[in-house]
Amino acid sequence: MPEGHTLRRLAQALDAAFAGTTPVATSPQGRFTEGAALLNGRAVVAASAWGKHLFVEFQGEQWLNVHLGLIGKFSVESYAPYAGAPPVWGQVRLRLLTADHVADLRGAAVCQVVSPEEVDAIVARLGPDPLRAEQDPDRAWARITKSGRPIAELVMDQSILAGVGNVYRCEVLYRNRVDPFRPGTEIRTRTWQAIWSDLVELMTLGVSFNQILTMQDQVEEAELLALEGRMPTLTSVDTDSARRSASGPAGVVATADGEDEDDEASGAGSPGGLESTGLERRYYVYKRQGEPCRVCGSRIRTQLVAGRNLFWCGRCQRRR
DNA sequence: CCTCTATGGCGAA
DNA sequence: TCGCCCTAGAGGC
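Every letter in the first sequence is one number past the one before it in numbering that gives the first Met the number 0, and letter 164, counting from 1, is 163.
In structure tokens:
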């Protein structure tokens, strides 16, 4: 479920679990045997994310590059050493294993070992990432303002903006009342600035809460919770592999709990989980085709744009 | 239980 | 433009 915030969290989790360690790398599935052998026995330097690309630097200038694609999963968990390594289930392309942490990669669209030069080349193909501090939104603006393609296509083009996926695309255009079909050349500077700063705010919140939050009431509630330090998680992925035994909460932490990142698990309190933030999965337009717009009541529409289902309100986002 | 769908993007054709 | 990747939640039966 990778939009940029998910990859950012994944990088943080991998970094917390493996940086400074020398994991055993294997490919239980057998389709990445060669790459795993290349990484095996090398120390992990650091993990980072660029847009939807994940990079894990191993000692000796070997970089693991992963793109989860639509269905990929990369779980990171800790386990009790005395219990032994968790059994492999399903198609695990790559497993990284230390005495107390295990990461399993499944279903990724891209999984390869690359050189530093190749990392640079991949990053060079990406536009600015709203989740990276030093980014220059003007680089994206230069492309947008001279493109006749619809803005809904441009904001999801990873060479223009890195890390924005279909949910953020639909929601940010709605929040800013932008007609998704308006060509880049007709987007006003101020509109672009508003979109960029909105993405920075929303995606940052997405990292903190491990959930895409775009509705203003939820955004405000989440920012309040963040201020109080009541985010689900923060550091690490420290689930005890004993997971949610009856005893329950105990240590806390979680989200990333055990399994993957990905969308919350939605409502309903998780059984021993820890207080989820209680923020339900709710959007302005995403996947709401046919339902009334939450603001004006007109029917939310959908249409394939850039290969993904775009959702928008034809009235609120009317060309102005 | 089974079928459908999808918060992507690559590489072949 | 299409197939692949081959997961996992949602929804139907």
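C-beta atoms are modelled at their ideal positions from N, C-alpha and C, and glycine is treated no differently.
Can you have a look at residue i and say buried or exposed, based on whether 16 or more other CB atoms are within 10 angstroms of its CB?
i      : result
Glu33  : exposed
Val112 : buried
Leu204 : buried
Ser297 : exposed
Gly19  : exposed
Ile299 : buried
Val206 : buried
Lys322 : With the chain covering only 0 through 319, there is no way to say anything about residue 322.
Ala253 : Residue placement at Ala253 cannot be trusted, given a pLDDT of 29 that sits under 50; the coordinates are not used to answer.
Ile70  : exposed
Glu219 : exposed
Leu226 : exposed
Asp128 : buried
Cys169 : buried
Gln215 : exposed
Glu56  : buried
Glu290 : exposed
Gln217 : buried
Thr188 : exposed
Asp119 : exposed
Ser246 : Bear in mind that a pLDDT of 30 at Ser246, under 50, signals an unreliable position, so the model cannot answer this.
If the criterion is Cβ atoms closer than 8 Å, does the pair residue i and residue j meet it?
i      : j      : result
Val304 : Pro149 : yes
Leu130 : Ile143 : no
Tyr167 : Ile194 : no
Val163 : Asp197 : no
Pro22  : Val43  : yes
Phe17  : Arg92  : no
Ser158 : Gly126 : yes
Asn209 : Arg8   : yes
Ala46  : Ser74  : no
Ala84  : Leu53  : no
Arg307 : Met155 : yes
Ala108 : Gly147 : no
Cys315 : Arg176 : yes
Ala161 : Gly3   : yes
Ala24  : Leu95  : yes
Lys145 : Thr190 : no
Arg174 : Arg318 : no
Rank the options by C-alpha distance to the C-alpha of residue i and give the top, closest one.
i      : options                       : result
Pro115 : Arg229, Leu223, Gln61, Leu278 : Gln61
Leu13  : Ala36, Thr25, Gln28, Ala48    : Ala48
Leu104 : Ala35, Gly83, Asn175, Ser207  : Ala35
Pro80  : Asp99, Arg94, Asn64, Lys72    : Asp99
Ser26  : Ser77, Gln11, Cys110, Pro1    : Cys110
Leu6   : Lys51, Gln28, Leu37, Ala24    : Lys51
Gly59  : His66, Gly289, Arg41          : Arg41
Glu222 : Arg187, Pro1, Asn64, Leu278   : Leu278
Glu117 : Trp88, Gln134, Asn64, Ser77   : Asn64
Tyr78  : Cys295, Gly29, Thr97          : Thr97
Ile121 : Gln90, His66, Arg138          : His66
Ala139 : Arg319, Gln192, Met214        : Gln192
Asp28  : Ala82, Val87, Asn39, Pro1     : As written in the sequence, residue 28 is Gln, which differs from the Asp given in the question. Of the listed residues, the one whose Cα sits closest to Gln28 is Val87.
Gln302 : Pro1, Thr213, Thr184, Pro179  : Pro179
Ile186 : Ala151, Thr213, Val199        : Ala151
Leu132 : Met230, Glu200, Glu76         : Here residue 132 turns out to be Ala, not Leu, going by the sequence shown. Ala132 has its Cα closest to that of Glu200, out of Met230, Glu200, Glu76.
Arg280 : Gln288, Cys295, Thr213        : Thr213
Quick check: does the Cβ of residue i come within less than 7 Å of any heavy atom belonging to the ligand GDP?
i     : result
Gln90 : Of the ligands one can find in the structure shown there are none, so the ligand GDP has no counterpart to examine.
Entirely within the stretch 23-99 and at least 3 residues each: give me those beta strand (DSSP E) ranges in chain order. 23-25, 43-49, 52-57, 61-66, 72-77, 93-96
For the stretch 309-317 and the stretch 283-294, state whether three or more C-beta atom pairs, one from each stretch, are separated by less than 8 Å. yes
Which ranges would you report for the beta strand (DSSP E) in the stretch 128-207 if only whole runs of at least 3 residues count? none
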